[in-house]
Structure formats: C-alpha cells, structure tokens
Amino acid sequence: MEGHEYANESDRISRCPPFPKPRCYCKKCKKAREKGIPYERICSSLFIYPNILIDTPEGVFRRLDRFKIKKLEHVFCTHWHPDHTQGHRIFEMWVRAGHLGGEQKPPIRVYFPTGMLQDFNEHLPSFSFYETHKFIEIVQVRDREELPFGNLTITPVSLQREDRVRYSFLIKENNRKVMYAPCSVFNAKFDQYWENLDILFLETG
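Take any residue in the sequence shown, count from 1 to its spot, add 1: that is its number in my numbering.
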C-alpha cells in the first residue's frame with residue numbers, strides 16, 4: 002500500500018524536514034502538494050490534550066488550527082534548533098488578541114530544563130523578547146523533575162550528551178509511560194527512565 006510505504010520512510014509525527022520541500026519536485030513532494038495531509042508534513046512536535054505542546058516548529062499554528070485546538074497553556078522545548086522552534090511566533094499569535102478586539106490571554110508557560118536557558122539566550126533571544134512582552138513566562142525546571150498536569154505528569158529527561166543540551170520527555174498517565182525523543186538520541190546515555198515504556202517516539206535515520 003503506497004501510504005503505508007511512505008509512512009515507513011518518514012514517521013507519522015512529522016519529523017524534519019517539512020514536506021513538501023521548497024524547490025523540490027520529486028514524486029513525494031508533488032504528492033504532498035496535491036494531496037496534503039498525511040503526505041504533507043511539518044517538523045517534529047507533539048500536542049498533549051488539552052493544553053500542552055512539545056516544540057514549536059514552523060507550521061505548527063496550521064496544525065493547531067486544523068485540529069481545532071482551543072487551549073494552549075504549557076510548552077516544552079527539546080532544544081533550540083530551528084526545525085524545533087521556528088514556529089515560536091505562535092506565542093504572539095495565541096496570546097495577543099488585543100489588536101483583534103479581544104482580551105489578551107495569560108502568558109503561555111514555557112519550560113526550560115537544566116542547561117537550556119543559556120542555549121536559548123545565545124541562539125534564540127526572541128524567547129526573552131516574548132517574555133518581556135508577557136506572551137510567555139519562562140519556567141526553569143530540573144532535569145528529571147516530575148511535573149504534574151492534572152491526571153498526567155511530564156518529566157524532562159536529559160539525553161546526557163557531552164557535546165550539547167538535548168532533552169526527551171517522559172509522559173505518564175494511568176500507569177502508562179510514553180517517551181517522546183524526537184531528536185539527537187545518538188550518543189545519548191539511557192537509564193531507568195527509558196525502561197518499561199508503553200510507547201517510544203524516536204527519530205529515524
């Protein structure tokens with residue numbers, strides 16, 4: 002089946018690069034332009050109902066709109082690279098309703114695990130700009146600190162790479178465990194947080 006074959010080549014959570022690619026007219030990019038989702042992809046991100054998002058790739062606002070997401074209150078970041086962050090204008094678009102005649106919403110809480118704030122300040126200072134304008138509130142949390150959100154918890158799990166700061170996230174609900182690790186798992190150090198998972202989202206290639 003052609004759709005199944007395509008899914009084997011590019012995972013279902015829309016990892017980078019986005020499809021279709023500019024200036025590319027290969028068979029698969031043409032198909033993505035003609036048929037749209039699921040052949041058209043954005044970069045990696047994960048939405049956890051009802052109000053949590055991991056990563057903000059370019060195009061994420063279109064996905065939130067397509068699936069009629071009405072609440073966005075918490076955002077986690079795996080790292081600063083553009084394919085995981087270049088949709089961060091969603092903060093302004095989501096919160097700043099005043100110019101449309103509505104009330105400005107409360108800031109979105111953006112969680113930076115240990116070591117991440119320095120990377121963002123150096124490579125992506127626009128996050129600090131958004132905090133200054135009250136579009137977001139940056140919350141620093143510890144590596145492997147379990148954070149409660151209603152019936153589920155999210156734990157940032159450092160990949161413990163010696164050359165860069167990268168995080169995965171362990172999501173637990175009703176005794177089920179999901180690890181979301183969309184990037185840079187090579188040379189990672191795996192420990193007990195990776196054991197007995199029900200689902201593992203992992204980059205391919």
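Every residue gets a Cβ at the ideal spot worked out from N, C-alpha and C, and that includes glycine.
- The beta carbon of Lys190 is closer than 6 Å to those of Gln161 in its chain, skipping five residues each way along the sequence.
- Beta bridge pairing from DSSP links Gln141 with Phe113.
- Of the candidates Cys25, Val140 and Pro83, the residue whose Cα lies closest to the Cα of Asp56 is Pro83.
- Here DSSP, grouped into helix, strand and coil, assigns Lys173 to strand.
- In the structure shown, His80 falls within a coil segment according to DSSP collapsed to helix, strand and coil.
- Following the DSSP letters along the chain, one finds Thr57 in no beta strand (DSSP E), marked with neither H nor E.
- Counting along the chain, Phe92 sits inside no beta strand (DSSP E); it lies in the alpha helix (DSSP H) bounded by residues Ile91 to Val96.
- Ranked by how close their Cα comes to the Cα of Arg90, the residues Phe68, Glu146, Ile49 and Phe62 have Phe62 in first place.
- By the Cβ-count criterion, Ser159 is buried, with 16 or more other Cβ atoms from all chains shown falling within 10 Å of its own Cβ.
- By the Cβ neighbour-count rule, Thr156 is buried, with 16 or more other Cβ atoms within 10 Å of its own.
- If you ignore the 5 residues before and after Ile109, its C-beta comes within less than 8 Å of the C-beta of Leu73, Glu74, His75, Val76, Phe92, Trp95, Val96, Phe136, Ile137 and Glu138, all in its own chain and listed in chain order.
- For Ser159, the enclosing beta strand (DSSP E) covers residues Leu153 to Ser159.
- Burial is judged here by how many other beta carbons sit within 10 angstroms of a residue's own beta carbon; Leu54 has at least 16 and is buried.
- Taking a C-beta distance under 8 Å as the contact criterion, Glu41 and Pro23 do not qualify as a contact pair.
- The beta-carbon distance between Leu148 and Met180, rounded to whole angstroms, is 15 Å. This is too long to meet the 8 Å contact definition.
- Annotation: the continuous beta strand (DSSP E) that includes Phe48 extends over Leu47 to Ile49.
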